[in-house]
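In the numbering used here, each residue's number is its place in the sequence shown (first place is 1) plus 140. Everything below concerns the one structure shown next.
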Amino acid sequence: MNNASWIDAYCLDKKGVEKVWQTEWEAMKYLLHGKMFAYMGEHKNGDPIITMKLPPEEGQVLRAAYPDAVIPGYYMNKVHWNTLYLEGGVPEDTVRKMLDNAYEAVLQSFPKKVQREIIEA
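Shown next as structure tokens:
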């Protein structure tokens, strides 16, 4: 997946999402109601990456299925965050599902009232 520009549009198409440039990280953060569910930047080796918050079980499955492309979260909590090398050969539909699940994980962390406000906005 050499061209990851679709990721930005895909994330921003979700309800309540905003993107914020994090200068210190040199990365674009994707936030839902102020909580980050993903960020896109570069690994220290220069490879483009996206890091997403996922349920621990899903992260373990993805790391096993794509050991060279999905690693524990880069500079993040290694249980809940997973880093994907954008040029690591993971199919686009799998990346979309990962993004959907990252968004959903953060959405579910809010009280039901806030969830409704986000969804109905």
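Note that CB positions come from ideal geometry on N, CA and C, so glycine has one too. Model, not experiment: these values are computed from the prediction.
query: Threshold first: 3 residues or longer. Then list the beta strand (DSSP E) segments lying entirely within the stretch 204-253, N to C.; result: 210-212 and 221-225
query: Could you name the residues that DSSP lists as bridge partners for A178?; result: Y170 and M192
query: In the DSSP output, which residue or residues are listed as bridge partners for E158?; result: L171
query: Are the beta-carbon atoms belonging to I190 and M180 less than 8 Å from one another?; result: yes
query: Assign I259 to buried or exposed, taking buried as 16 or more other Cβ atoms, counted over all protein chains shown, within 10 Å of its Cβ.; result: exposed
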